[in-house]
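Counting in this note's numbering, the sequence shown tops out at residue 152, every number present. C-beta: ideal position from N, C-alpha, C; glycine also. Scroll down for the structure; my scribbles are underneath it.
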Amino acid sequence: MKLKINLPRGQKDVIIHALNHYQSALEQMVESNTVDADDDYLRYQHFDCRQLIGIMADEEIDVMVELEETVKDTFVHRGHGVDFPEYV
């Protein structure tokens, strides 16, 4: 049986916070140019962060997680080290 779970606002805020930090790190890597990496790839990642932050921040967009009940039940054993969250 498939479960469909809407991410609550608090979880979306955690994702926004993490994406903001990642986006800042990308900006620093591109500006400092000390990383031996493709700057275009970093810029694309930076842009993707902006899009994802917008999706997570928009109050009119629901973000849904869909998974089989067996996946939820075995989440801790799938290498994640924590149980799947229980949302109320």
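- The stretch 104-115 and the stretch 123-142 do not touch, with fewer than 3 CB-CB distances between them shorter than 8 Å.
- DSSP places ILE125 outside both helix and strand once states are collapsed to three, so it counts as coil.
- Rounded to whole angstroms, the gap between the alpha carbons of LEU106 and LEU90 is 6 Å.
- Shown here for ILE119: same chain residues with a beta carbon closer than 8 Å to its own, the five before and five after excluded, namely ILE125, VAL127 in chain order.
- By the criterion of a C-beta distance shorter than 8 Å, GLU133 is surrounded in its chain by MET65, LYS66, LEU67, once the five residues flanking it on both sides are discounted.
- The continuous beta strand (DSSP E) containing LEU67 extends over residues 66-70.
- Among the bridge pairs identified by DSSP, LEU131 is matched with LEU67.
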